[in-house]
Amino acid sequence: MNYLKESLEFLIAFLIIWLLYKDSTRIFKAFFLHLERKLVIVHALKLSILLLVVYKFHRSIPFSKAIEMFIFILLLIFLSLLTLKQVEFTMLGTRSRKYKTFKYGSKFVEYILYLLAHLMNFGELKKYRKEIKEKSKEMMYVAIFPVQKYIMISISGIEFTKRKEKFITDADLKEIKACLEPGDILLKRNDWQATNLGISGFWTHTGLFIGSIEKMDKYFSDDEELKGKRFSERLKELNLEAYNNLLNQNELSVIESIEEGVVVKPINNIAKVDYFCAVRPRLSKEEKMKAIMKAYGFLGKPYDFFINIDSNDAFICTALIRKSFDNSIKFEVEKRLGKKVVLPNSIAKKFAQERKSKNRELDFVLFYDLDLNTRKAHRSTEIQFVESNKRNITYYLKRDMIKYLSTILDLKLN
Numbered sequence: 134m135n136y137l138k139e140s141l142e143f144l145i146a147f148l149i150i151w152l153l154y155k156d157s158t159r160i161f162k163a164f165f166l167h168l169e170r171k172l173v174i175v176h177a178l179k180l181s182i183l184l185l186v187v188y189k190f191h192r193s194i195p196f197s198k199a200i201e202m203f204i205f206i207l208l209l210i211f212l213s214l215l216t217l218k219q220v221e222f223t224m225l226g227t228r229s230r231k232y233k234t235f236k237y238g239s240k241f242v243e244y245i246l247y248l249l250a251h252l253m254n255f256g257e258l259k260k261y262r263k264e265i266k267e268k269s270k271e272m273m274y275v276a277i278f279p280v281q282k283y284i285m286i287s288i289s290g291i292e293f294t295k296r297k298e299k300f301i302t303d304a305d306l307k308e309i310k311a312c313l314e315p316g317d318i319l320l321k322r323n324d325w326q327a328t329n330l331g332i333s334g335f336w337t338h339t340g341l342f343i344g345s346i347e348k349m350d351k352y353f354s355d356d357e358e359l360k361g362k363r364f365s366e367r368l369k370e371l372n373l374e375a376y377n378n379l380l381n382q383n384e385l386s387v388i389e390s391i392e393e394g395v396v397v398k399p400i401n402n403i404a405k406v407d408y409f410c411a412v413r414p415r416l417s418k419e420e421k422m423k424a425i426m427k428a429y430g431f432l433g434k435p436y437d438f439f440i441n442i443d444s445n446d447a448f449i450c451t452a453l454i455r456k457s458f459d460n461s462i463k464f465e466v467e468k469r470l471g472k473k474v475v476l477p478n479s480i481a482k483k484f485a486q487e488r489k490s491k492n493r494e495l496d497f498v499l500f501y502d503l504d505l506n507t508r509k510a511h512r513s514t515e516i517q518f519v520e521s522n523k524r525n526i527t528y529y530l531k532r533d534m535i536k537y538l539s540t541i542l543d544l545k546l547n
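Residue numbers (our numbering): 134 to 547.
Below is the structure:
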């Protein structure tokens with residue numbers, strides 16, 4: 134019986150290894166291009182030899198367990214090779230759905246192998262203590278990432294309210310559209326939405342207003358940077374697909390990073406909400422045009438569930454705004470749970486702090502807030518927007534809580 138069990142284990146291991154080894158030419162091409170990773174795998178092999186030596190001389194490990202550990206190490210090695218394949222795809226600028234499943238798992242394995250490599254050289258532990266500590270943090274983050282991503286996707290759009298309509302009405306939306314200019318930074322919030330639990334501050338999402346082809350052509354018509362061309366012609370050269378999509382849009386549009394990645398969406402997506410605000414960068418039209426062009430260059434990039442604001446490969450909503458305006462506007466970078474982030478609320482906070490300064494980088498455009506008496510949004514003031522970034526549970530406790538909760542939950546009071 135044990136013989137059959139061991140034979141089955143060997144067969145399963147062989148099949149898995151064969152499947153991962155199938156595209157060996159490309160794997161090993163990447164393998165030899167990355168010497169550091171090659172050494173990691175060599176160290177893993179050294180570890181497997183060590184296990185065999187332990188079994189041979191100490192007899193402290195049952196043969197079946199030694200075999201299981203050896204098979205496990207082989208799987209780690211080949212999962213690491215899959216990571217190298219992802220590296221190669223990145224270098225060549227191509228992607229393969231075939232290996233997408235292994236992307237995060239193999240990254241986790243890569244970190245494990247990295248730590249094992251240093252453990253095999255005890256004399257280097259002290260020398261690389263800081264580096265190992267950082268890798269350990271990364272490893273833990275990669276380990277929980279798939280769970281984090283699943284939770285974030287699962288709760289997206291869940292609301293703890295029976296309300297079907299948002300506080301901002303169609304009439305409000307019409308007024309909002311009339312006030313916006315290309316390059317405006319937009320902020321939004323929906324009350325009692327599940328995703329609010331994971332975002333610090335009152336404001337929970339941001340996007341970049343671009344408008345329409347006609348609106349941008351008119352707005353940037355006197356920009357010398359275009360050298361006699363229309364903005365739409367420059368956009369067509371940069372991203373033909375984006376140009377065609379925008380051409381077919383009947384609605385004014387925004388560029389934003391949401392669950393599906395960096396996309397162009399109708400203005401309703403970010404403005405037909407409970408609370409809405411727009412601020413305008415105090416920049417020249419040329420600088421605004423560069424920011425919009427840069428944002429267009431990020432279209433199609435995935436949403437950054439890793440939350441790395443320095444990445445150019447994936448974006449959260451605020452990272453997209455920060456990268457688009459690059460060094461033109463400075464945004465406050467905070468540390469939350471060990472990760473550097475720019476929060477949507479920080480944009481409102483920035484405006485509040487710089488508002489009276491001659492060197493302020495943002496101007497107020499409009500703010501729609503909740504009116505408890507009408508149970509609808511109303512156009513509020515700049516002063517109220519300045520205070521909005523401070524809103525927390527205390528703010529709501531100071532209001533008529535019965536009226537507020539009945540509004541949120543769509544309950545009728547007698």
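Every residue, glycine too, gets a C-beta built ideally from N, C-alpha and C.
Beta-carbon proximity of residue i to residue j, cut-off 8 Å
i	j	result
proline 399	glutamate 389	no
aspartate 502	glutamine 517	yes
tryptophan 336	alanine 510	no
valine 475	alanine 447	no
leucine 306	asparagine 460	no
glycine 430	leucine 371	yes
isoleucine 332	phenylalanine 409	no
proline 414	lysine 423	no
valine 387	isoleucine 343	yes
arginine 469	valine 519	no
arginine 367	leucine 359	yes
Closest residue to residue i among the options (Cα-Cα distance)
i	options	result
isoleucine 403	Asp305, Lys483 and Gly340	Gly340
lysine 348	Gly316, Lys321, Phe464 and Tyr436	Gly316
arginine 493	Phe464, Leu503 and Cys312	Phe464
lysine 418	Asp350, Glu370 and Lys369	Asp350
lysine 297	Asp324, Phe342, Lys360 and Ala304	Asp324
glutamate 392	Lys491, Cys450, Phe364 and Phe409	Cys450
leucine 499	Lys491, Arg512 and Asn506	Arg512
serine 479	Leu359, Val412 and Ser444	Val412
lysine 405	Thr302, Glu515 and Thr507	Thr302
Distance between residue j and residue i (C-alpha atoms, nearest Å)
i	j	result
asparagine 381	valine 397	12 Å
leucine 320	lysine 483	13 Å
lysine 473	aspartate 407	28 Å
alanine 375	isoleucine 425	12 Å
serine 345	glutamate 314	10 Å
arginine 455	isoleucine 318	11 Å
glycine 334	proline 477	8 Å
glutamate 467	aspartate 437	17 Å
alanine 304	alanine 428	29 Å
leucine 416	phenylalanine 300	32 Å
serine 365	arginine 322	31 Å
arginine 504	alanine 485	Sequence inspection shows aspartate at residue 504; the arginine mentioned does not correspond to that position. Taking the straight line joining both Cα atoms gives about 22 Å.
aspartate 355	lysine 362	10 Å
isoleucine 462	phenylalanine 353	20 Å
serine 521	asparagine 445	31 Å
arginine 524	histidine 338	15 Å
cysteine 312	phenylalanine 439	35 Å
serine 490	phenylalanine 458	20 Å
glutamate 515	asparagine 377	37 Å
isoleucine 442	asparagine 506	40 Å
proline 435	leucine 379	20 Å
lysine 369	arginine 508	44 Å
DSSP beta-bridge partners of residue i
i	result
threonine 339	Leu320
tyrosine 408	Arg322
glycine 344	Ser386
lysine 398	Val387
proline 414	Leu495
tyrosine 352	Note: tyrosine 352 sits in no beta bridge, so no partner.
phenylalanine 448	Tyr436
heavy atom of the ligand HEM below 7 Å from residue i C-beta
i	result
leucine 503	Inclusion of the ligand HEM in the displayed structure is not the case, the ligand content being empty and no account of it being possible.
Contiguous beta strand (DSSP E) assignments of at least 3 residues, all confined to the stretch 451 to 523: 467 to 469, 472 to 474, 495 to 504 and 509 to 512
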